[in-house]
Each structure stands twice: as C-alpha cells, then as structure tokens.
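Novice: Sharing a structure, written as structure tokens. Questions coming.
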Amino acid sequence: MSNTRVLPLLEPEATGVTEATGDAVPCCPPLTERPLTAEEAERTAAMFKALGDPVRLRLFSLVASHEGGEACVCDISDVGVSQPTVSHHLKKLREAGLLTSERRGTWVYYRVEAPVLAAMGQLLTIAPTTAGRN
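Here the sequence shown stands for residues 15 to 148, where the numbers follow the working numbering.
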C-alpha cells in the first residue's frame, strides 16, 4: 500500500514531473524573481509550516540523508519523543507532500523524492536577474 502525495510546491500541470524527462516542475519561481500569488504562497506556507517544527525537521533530515534515500520508521524513531508522536509528525510531513511512504510487511518506509528537494531548492535560490542587485 502506497500513500503518495505530491509536494504542494509542484504543480499538478506537469504533476511536478514531466512525462518525457521525469524532472520536477516547481510551481513557484525563486522568491527573488517576483512576488508569489496568493495560491503559491498558501502552498509554500504549508510546506514551511510542516518543517517549522524541530522534530519534523529532524525527521525530514533523517529520511533525506538516510542511505538509499529512504528510511524505515524503525530506523528514524529515536528523536526524543514517543513513537505515537513520531507517527503524528511523519503523518504531517506526508500530508504536506514532503514525504511519501510505503508499507512493507509490518514496517513503513519513508522517502523524500528528488523533485521535492529540487523544488525546495529552486524556491530559495536567487534569481539570476536579481543576483547582482544590492
């Protein structure tokens, strides 16, 4: 059973992924390029809100940096909170589209998809046209 969600920063129009290349298509340009629309800001805020909790940020980092790009919940649950709290935070990260999960037997494996990291990085880069501005 897979519980896959698309990161809010990835537009469904190219569902975040182009069919031809498999590359991510971020919904939003770099923040320095132009102001975000209300819809873009809402989607982006949901992602940052999910990462705004230190435990969630740590869990996200544990999954993203885990060997092979995916982690079993059994390998990342030691973050100083109870198991039910870990499950709650992982659920919030999934709902924000930051993680995908797949059940394998009794364990759930989490993955941060490359398009998610690409979209996050793109949003926080300096647009080439404003790079020289002071």
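Glycine is no exception: its CB is placed at the ideal position from the N, C-alpha and C atoms. Please read all numbers here as calculations on a predicted model, not as lab measurements.
Within a Cβ cutoff of 8 Å, which residues of the same chain sit near LEU50, ignoring the five residues on either side of it in sequence?
Specialist: Translated into the one-based positions of the sequence shown, residue 50 becomes position 36. Taken in chain order, the residues that qualify are CYS42 and THR58.
Novice: Check whether the region 90-97 touches the region 66-81, counting contact only when three or more Cβ pairs, one atom from each stretch, lie closer than 8 Å.
Specialist: Touching, yes.
Novice: With a cut-off of 8 Å on the beta carbons, I'd call TYR124 and LEU137 a contact; round off their distance for me.
Specialist: By 1-based counting over the sequence shown, the position of residue 124 is 110. By 1-based counting over the sequence shown, the position of residue 137 is 123. That belief does not hold up - the Cβ atoms of TYR124 and LEU137 are roughly 22 Å apart, past 8 Å.
Novice: In terms of residues, what are the limits of the beta strand (DSSP E) holding SER91?
Specialist: To locate residue 91, count along the sequence shown from 1; it is residue 77. Looking at the DSSP string, SER91 is not in any beta strand (DSSP E), and its letter there is neither H nor E.
Novice: Which two residues bound the contiguous alpha helix (DSSP H) that contains THR114?
Specialist: In the sequence shown, residue 114 corresponds to position 100, counting from 1. Element bounds for THR114: not the alpha helix (DSSP H) but the beta strand (DSSP E), 114-118.
Novice: Starting from VAL122 and walking both ways along the beta strand (DSSP E), at which residues does that stretch end?
Specialist: Residue mapping note: residue 122 aligns to position 108 of the sequence shown, counting from 1. Element bounds for VAL122: 121-125.
Novice: If you follow the alpha helix (DSSP H) that LEU76 is part of, which residue opens it and which one closes it?
Specialist: Locating residue 76 in the sequence shown gives position 62, counting from the first residue. LEU76 -> alpha helix (DSSP H) spans 68-79.
Novice: How many Å lie between CYS86 and GLU56 at the Cα?
Specialist: As a first step, residue 86 must be located in the sequence shown, where it is residue number 72. As a first step, residue 56 must be located in the sequence shown, where it is residue number 42. Each residue's alpha carbon lies about 30 Å from the other.
Novice: Does GLU84 come out as helix, strand or coil in the three-state DSSP assignment?
Specialist: As a first step, residue 84 is located in the sequence shown; it is residue number 70 there, counting from the start. If DSSP states are grouped into helix, strand and coil, GLU84 belongs with the strands.
Novice: Cα separation between GLU53 and GLU109?
Specialist: Taking the sequence shown and counting its residues from 1, one reaches residue 53 at position 39. Taking the sequence shown and counting its residues from 1, one reaches residue 109 at position 95. One C-alpha to the other measures close to 17 Å.
Novice: Got a sec? Which residues, its chain only, sit under 6 Å from ALA128 by beta carbon, not counting five neighbours each side?
Specialist: One-based indexing of the sequence shown puts residue 128 at position 114. Excluding sequence neighbours, ALA128 sits near nothing in its chain.
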